[in-house]
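I have placed the structure first, in the form of structure tokens, so that the comments after it can refer back to it.
Chains as they are written, first to last, in my numbering: chain S, 1 to 246; chain G, 1001 to 1288.
If you want it as structure tokens, here you go:
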């Protein structure tokens, strides 16, 4: 892959919790129009890595490059501005507002003056409805998010990241616990994003899904790179199998 | 009739306090126990400017709003560094400090002796000396505050406040700056709350620090908890219930020493019952 296609990369980033190195001197690159499967056994540092790259955690050392700019610290409220968005391993919706509002809050302008004197409310609502239609939740638009089923909640979270129209998408276990039909909807959305040239990082435990969707797989173990390459090579690697099976 | 008008004026004043507090507690999820401070600032602004400089009531309201905005801006910056229980405690501390200021800055507030002789509002030569007319004025201000807050909470800004209330991290991930939102709503809430202080000072014509004690902040908080938080109509309902209910006790033939304490007992029981059976309050839209 050409370097010009790199949209984001980390350079020797580390993060420790107490004495444990959750991410250890890690270099990782993400490319536009590609899906990178990020896998590894439980506790290998996958979610920590996503949290570091999206400003949820601060990095102890190293740098993050987004586009042409280097950062030693990323603020979570800046990531959307950098064209980055994410879902969460444990779904985090705004529970006590409606499904439509969960999307509209992403579509709306964020500065306070624009928020008070919103003059494109109708446009934003229509855009939000389009997204709900895409994830199959239009009929639920007026329900409180807390009343949705588990699968619907996952879909709403996916809808929320779609509403950002970002360049880089981190999906943290988007398929976990979903029905085959819902999995299909999410797979289609991810592939559509890829076709649009977006960068996708997919954390998933289901190896069949990872194999089918990913262009490359990055295996993490104890916060370090264990393997990186094409799905068939990586998944048949003995070291990878050993890391998973112990 | 005069008695009913008196009660309705108090309901209007405390509805304004409740609505404005709900912006911070209900819509932003910050347990601010300091509304008595801005109630007091509004009252003292009117009292001092009207008695010392003979400034018209309506100008004193504007001054009170600006002073409350300035104080809330400075205090809000500090409060924003805290969240949850600590936030409540710090706001609690702020209310105590400001009460001490009202009590001890004698050259300005006349300390415990208070300020008397505060005149009724006057506009184009018409003086609101009759309580009925004062009631109309109070209701007018209540409607102004109600509709301003209604517009605010129904806008994207209001929705953003709810997002911040429920999950600050998610709000940040989707581009919001919670600190700014919390500060702005605190300033708006405090500024509008000062209007009720101005109305109170002008209505009773005498104020002293005992009207702006910490218990008053807790009473305002009780209003929105009973009425229902995150719904500005709930604040009005809460004010009606909490002001009417103790008054009803007057018509029951209770011994004087029990009747005197009945207000606090009723509030306590009401809070317990609401927390147990209906934690959202009567009209509440947000679960505490």
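Cβ atoms here follow ideal geometry from the backbone N, Cα and C, with glycine treated the same way.
The beta strand (DSSP E) enclosing residue i, as first and last residue numbers
i: residue 86/S; result: 84 to 86
i: residue 108/S; result: Run containing residue 108/S: none; DSSP gives neither H nor E here.
i: residue 25/S; result: 20 to 31
i: residue 169/S; result: 168 to 172
i: residue 227/S; result: 224 to 229
i: residue 11/S; result: 6 to 17
i: residue 62/S; result: 61 to 66
i: residue 216/S; result: 216 to 221
i: residue 199/S; result: 199 to 203
i: residue 1057/G; result: Residue 1057/G -> not in any beta strand (DSSP E); alpha helix (DSSP H) instead, spanning 1057 to 1079.
i: residue 72/S; result: Run containing residue 72/S: none; DSSP gives neither H nor E here.
Length of the line joining the Cα atoms of residue i and residue j
i: residue 59/S; j: residue 14/S; result: 6 Å
i: residue 1280/G; j: residue 1274/G; result: 8 Å
i: residue 1235/G; j: residue 1242/G; result: 10 Å
i: residue 1189/G; j: residue 1067/G; result: 13 Å
i: residue 34/S; j: residue 1069/G; result: 51 Å
i: residue 116/S; j: residue 227/S; result: 50 Å
i: residue 1012/G; j: residue 99/S; result: 35 Å
i: residue 1199/G; j: residue 81/S; result: 46 Å
i: residue 1244/G; j: residue 1007/G; result: 7 Å
i: residue 1211/G; j: residue 1264/G; result: 15 Å
i: residue 170/S; j: residue 202/S; result: 6 Å
i: residue 218/S; j: residue 139/S; result: 38 Å
i: residue 110/S; j: residue 164/S; result: 12 Å
Exposure label - residue i; buried when at least 16 CB within 10 Å
i: residue 8/S; result: buried
i: residue 1276/G; result: exposed
i: residue 19/S; result: exposed
i: residue 175/S; result: buried
i: residue 251/S; result: This structure cannot speak to residue 251/S, because chain S is shown only from 1 to 246.
i: residue 208/S; result: exposed
i: residue 1151/G; result: exposed
i: residue 177/S; result: exposed
i: residue 1278/G; result: exposed
i: residue 1256/G; result: exposed
i: residue 168/S; result: buried
i: residue 188/S; result: exposed
Contact with chain G by residue i, beta-carbon distance below 8 Å
i: residue 86/S; result: yes
i: residue 106/S; result: yes
i: residue 56/S; result: yes
i: residue 92/S; result: yes
i: residue 76/S; result: yes
i: residue 143/S; result: no
i: residue 38/S; result: no
i: residue 80/S; result: yes
i: residue 9/S; result: no
Check whether residue i and residue j have beta carbons under 8 Å apart
i: residue 204/S; j: residue 50/S; result: no
i: residue 1123/G; j: residue 1047/G; result: no
i: residue 94/S; j: residue 1167/G; result: yes
i: residue 1134/G; j: residue 1203/G; result: yes
i: residue 91/S; j: residue 181/S; result: no
i: residue 1249/G; j: residue 1259/G; result: yes
i: residue 1187/G; j: residue 1092/G; result: no
i: residue 45/S; j: residue 78/S; result: no
i: residue 1224/G; j: residue 1018/G; result: yes
i: residue 1044/G; j: residue 1107/G; result: no
i: residue 1080/G; j: residue 1182/G; result: yes
i: residue 26/S; j: residue 224/S; result: yes
i: residue 1027/G; j: residue 1158/G; result: yes
i: residue 1116/G; j: residue 1206/G; result: yes
i: residue 1184/G; j: residue 1176/G; result: no
i: residue 1036/G; j: residue 1240/G; result: no
Chain S within 8 Å of residue i, Cβ atoms only
i: residue 1184/G; result: yes
i: residue 1264/G; result: no
i: residue 1022/G; result: no
i: residue 1144/G; result: no
i: residue 1284/G; result: no
Limits of the unbroken alpha helix (DSSP H) element including residue i
i: residue 39/S; result: Run containing residue 39/S: none in the alpha helix (DSSP H); it sits in the beta strand (DSSP E), 35 to 39.
i: residue 1164/G; result: 1156 to 1166
i: residue 156/S; result: 150 to 162
i: residue 187/S; result: 180 to 195
i: residue 1025/G; result: 1002 to 1025
i: residue 1102/G; result: 1084 to 1104
i: residue 134/S; result: 121 to 134
i: residue 1227/G; result: 1214 to 1227
i: residue 47/S; result: 46 to 53
i: residue 1035/G; result: 1035 to 1052
i: residue 1178/G; result: 1178 to 1204
i: residue 1240/G; result: 1232 to 1249
Distance cut-off 7 Å: residue i Cβ against heavy atoms of the ligand ATP
i: residue 1100/G; result: What this structure holds is no ligand at all, so the ligand ATP is not there to describe.
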